[in-house]
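All residue numbers for the sequence shown refer to our numbering, where the first residue is -15 and numbers rise by one. Structure record follows, encoded as structure tokens.
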Amino acid sequence: MSEILVLVEQVEGEVKKVTLELLTLARSLGTPAAVWAGPGITPGAKDRLAEYGAETIYVAGSSDIVDHVVAPKAELLAQLVAAKSPAAVLVAATAEGKEVAGRLAVKTDSGVITDAVGLGEGFVADQSIFGGGVNVHSRVRRGTPIVAVRPNSTAPEPAQGAGAEEEVTVALTDAAKAARVVERVKQEKGARPELTEAAIVVSGGRGVGSAENFSVIEGLADALGAAVGASRAATDAGWYPHQFQVGQTGKTVSPQLYIAAGISGAIQHRAGMQTAKTIVAINKDPEAPIFELADYGVVGDLHQVVPQLTEEVTKRK
């Protein structure tokens, strides 16, 4: 079967869950090959990639790749596309991943699909477009298909691959070195999962009422082992940090379960979460647009409903 390149997302040598999802997806369409960009690959990381089906692991260990912004990864992938002629390239639909995909498409004269939530035979992608108003099937018609897939779109399933390591040397152009990383500030990781990778997300909106009241949302999230999200109205009001905003101008999430508490369901917010597998809405307004999207709805005051829900979840743990 034809090789499919998967760009590895990792933090300090730890492979992120979305990469395991991409390897699982690639396995259904061809032969997965992981691409490790930068130094720091560990035996544990290699084993993890092989565990989820990577037959080959291309390792470009030059620090130049991570000392400059985005462009070196696109040049690395472009070199591999030219040398290996893969059937497709899969990246995570993160902010960086989508930029890598766009740059790679230009370099390889190929078509690109972003924010795919599914990928089938012939590399036909499922997409939600126009702010989430339309679901479409898309396919690249030119060059090597480059597809950015949303995290949580595929359940990761292990299937042992060979994991054969192959070192790759990439000659970066001056253009790729134009922007240099001059400082890195490590953000302390909390106990909750990362928002875009979480299987469960609990989000609060204008109905929460204040920054202090977000403790109700956090309580339910902690009981469920979930990430916390917020609507644009809540973040603009200063009730919750902007990095947790879910929506068209925030982060896009596709969890197994999305709980929207006190969120009306404006199109801006729906665009960032409507591909969740199951949506539960809690709102005291029975006419709120969020109920049109929800699989389950509770009409009621979130300050009464959410604590009761948290209590019931806690009892069953």
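Glycine included, C-beta positions come from ideal geometry on N, C-alpha and C.
Task: Beta-carbon separation (whole angstroms), P135 vs E181, contact threshold 8 Å - done: As a position in the sequence shown, residue 135 is number 151, starting the count at 1. As a position in the sequence shown, residue 181 is number 197, starting the count at 1. So it is a contact: roughly 5 Å between Cβ atoms.
Task: Min CB distance H121 to chain C below 9 Å - done: This model lacks chain C altogether; it includes just one protein chain.
- [ ] Go to D158, then tell me how far its alpha helix (DSSP H) extends in each direction, as first and last residue.
- [x] As a working mapping, residue 158 is identified with position 174 in the sequence shown. No alpha helix (DSSP H) holds D158; DSSP gives it neither H nor E.
Task: Sub-9 Å separation of G14 and A77 beta-carbons - done: Numbered from 1 along the sequence shown, position 30 holds the residue referred to as residue 14. Numbered from 1 along the sequence shown, position 93 holds the residue referred to as residue 77. Their beta carbons are not under 9 Å apart, which means G14 does not touch A77 by this criterion.
Task: For R216 and F228, the rounded distance between their alpha carbons - done: Against the sequence shown, residue 228 aligns to sequence position 244. Against the sequence shown, residue 216 aligns to sequence position 232. One Cα belongs to F228, the other to R216, and the distance between them is close to 9 Å.
Task: Burial state of Y36 (16 or more Cβ within 10 Å) - done: Counting from 1 along the sequence shown, the entry for residue 36 is found at position 52. The residue in question, Y36, is buried, as its Cβ has 16 or more Cβ neighbours within 10 Å.
Task: Beta-carbon spacing of E5, V133 below 9 Å - done: Numbered from its first residue, the sequence shown carries residue 5 at position 21. Numbered from its first residue, the sequence shown carries residue 133 at position 149. In contact: E5 and V133 (Cβ atoms closer than 9 Å).
Open item on the list: Could you tell me the alpha carbon to alpha carbon distance between I25 and V154, rounded to whole angstroms?
Closed with: Taking the first residue of the sequence shown as 1, we reach residue 25 at position 41. Taking the first residue of the sequence shown as 1, we reach residue 154 at position 170. Cα to Cα, I25 sits roughly 17 Å from V154.
TODO: Ignore the nearest five residues each way along the sequence and tell me which others in V65's own chain have a CB closer than 7 Å to its CB.
DONE: The residue given as residue 65 occupies position 81 in the sequence shown. The beta carbon of V65 sits closer than 7 Å to those of V73, T92, T128, all from its chain and outside the five residues before and after it, given in chain order.
TODO: Check each candidate in I97, H253, E167, L208 and name the one with the smallest Cα separation from R125.
DONE: What you label residue 125 is simply residue 141 of the sequence shown in a count that begins at 1. Cα-wise, what sits closest to R125 is I97.
Task: Touching by the beta-carbon criterion (3+ pairs, under 8 Å), the segment 159 to 167 and the segment 175 to 191 - done: Flag = no, the segment 159 to 167 and the segment 175 to 191 do not touch.
TODO: Closer than 8 Å by C-beta to T262: which residues in its own chain qualify, once you throw out the five before and the five after it? Chain order, please.
DONE: Here residue 262 corresponds to residue number 278 of the sequence shown, with the count starting at 1. Apart from the 5 residues on each side of it in sequence, T262 sits with its Cβ closer than 8 Å to the Cβ of Q240, L241, Y242, D279, Y280 in its chain, given in chain order.
TODO: Quickly, what does DSSP pair S122 with across the bridge? List them, please.
DONE: Within the sequence shown, residue 122 is the residue found at index 138, counting from 1. Looking at the DSSP assignment, S122 forms a beta bridge with A109.
Task: CA-to-CA distance, G189 to S248, given in whole angstroms - done: Taking the first residue of the sequence shown as 1, we reach residue 248 at position 264. Taking the first residue of the sequence shown as 1, we reach residue 189 at position 205. S248 and G189: Cα-Cα distance of roughly 8 Å.
- [ ] Return helix, strand or coil for K235, following the three-state DSSP convention.
- [x] Along the sequence shown, one-based indexing puts residue 235 at 251. In this structure, DSSP gives K235 an extended state, which the three-state scheme calls strand.
Open item on the list: Here's the rule: buried if 16 or more other CB atoms are within 10 angstroms of the residue's CB, otherwise exposed. What is R300?
Closed with: As a position in the sequence shown, residue 300 is number 316, starting the count at 1. Taking a 10 Å sphere around the C-beta of R300, we find fewer than 16 other C-beta atoms and assign the residue as exposed.
Task: Span of the alpha helix (DSSP H) around D220 - done: Counting from one through the sequence shown, the residue named residue 220 turns up at place 236. Unbroken alpha helix (DSSP H) run through D220: 216 to 220.
Open item on the list: Considering only DSSP beta bridges, list what V264 is partnered with.
Closed with: Counted from its first residue, the sequence shown places residue 264 at position 280. Answer is I243, Y280.
Task: Alpha-carbon spacing of G231 relative to H253, whole angstroms - done: Here the question's residue 231 lines up with position 247 in the sequence shown. Here the question's residue 253 lines up with position 269 in the sequence shown. Each residue's alpha carbon lies about 4 Å from the other.
TODO: Take T219 as the anchor and find which of G234, T298, V289 has the nearest alpha-carbon.
DONE: The residue given as residue 219 occupies position 235 in the sequence shown. Of the candidates G234, T298, V289, the one whose C-alpha sits nearest the C-alpha of T219 is G234.
- [ ] Can you tell me which of L88, E(-13), L(-9), L286 puts its alpha carbon nearest to the alpha carbon of N197?
- [x] By one-based count along the sequence shown, residue 197 stands at place 213. Put simply, of L88, E(-13), L(-9), L286 the residue whose alpha carbon is nearest the alpha carbon of N197 is L286.
TODO: Could you name the residues that DSSP lists as bridge partners for S378?
DONE: The chain is shown from -15 up to 301; residue 378 falls before or after that span and cannot be answered.
Open item on the list: Taking the alpha-carbon of T294 as reference, which of V212, L204, G117, T138 has the nearest alpha-carbon?
Closed with: Position 310 of the sequence shown holds residue 294. Nearest C-alpha to T294 among V212, L204, G117, T138: L204.
Open item on the list: Could you tell me the alpha carbon to alpha carbon distance between A44 and D31, rounded to whole angstroms?
Closed with: The residue you call residue 44 lines up with position 60 of the sequence shown. The residue you call residue 31 lines up with position 47 of the sequence shown. The straight-line gap from Cα to Cα measures roughly 17 Å.
Task: Three-state secondary structure (DSSP) of I130 - done: Numbered from 1 along the sequence shown, position 146 holds the residue referred to as residue 130. Strand, per DSSP.
TODO: With distances taken Cα to Cα, identify the nearest neighbour of D99 among N267, Q258, V297.
DONE: What you label residue 99 is simply residue 115 of the sequence shown in a count that begins at 1. When each option's Cα is compared against that of D99, the closest is Q258.
Task: Reduced DSSP secondary structure (H/G/I, E/B, other) of A143 - done: In the sequence shown, the residue the question calls residue 143 occupies position 159. Looking at A143 - three-state DSSP - the assignment turns out to be coil, as it is neither helix nor strand.
- [ ] Could you check the C-alpha separation between D48 and I(-12) for me, to the nearest Å?
- [x] Locating residue 48 in the sequence shown gives position 64, where the first residue counts as 1. Locating residue -12 in the sequence shown gives position 4, where the first residue counts as 1. If you draw a straight line from the Cα of D48 to the Cα of I(-12), it comes to about 25 Å.
- [ ] State the CB to CB distance for the pair S238 and V101, rounded to an integer number of angstroms; the pair is presumed to be in contact (CB under 8 Å).
- [x] Position 254 of the sequence shown, counted from the start, is the residue given in the question as residue 238. Position 117 of the sequence shown, counted from the start, is the residue given in the question as residue 101. Their Cβ separation, rounded to whole angstroms, is 6 Å, which keeps S238 and V101 in contact under 8 Å.
Task: Close beta carbons around P270, own chain, < 8 Å, minus the five adjacent residues each side - done: Counting from 1 along the sequence shown, the entry for residue 270 is found at position 286. Only V283 meet the Cβ criterion.
Task: Nonlocal neighbours in the same chain, by C-beta distance under 7 Å from P16, ignoring five residues either side - done: As a first step, residue 16 must be located in the sequence shown, where it is residue number 32. Excluding its 5 nearest sequence neighbours in each direction, P16 has C-beta neighbours in its own chain below 7 Å: I(-12), V(-10), L7, A10, G37, A38, E39, G145, listed in chain order.
TODO: Look at the Cβ atom of I266, then the Cβ atom of V290, and state whether they are nearer than 9 Å.
DONE: Reading the sequence shown from its first residue, position 282 is the one you call residue 266. Reading the sequence shown from its first residue, position 306 is the one you call residue 290. Going by C-beta atoms, I266 is nearer than 9 Å to V290.
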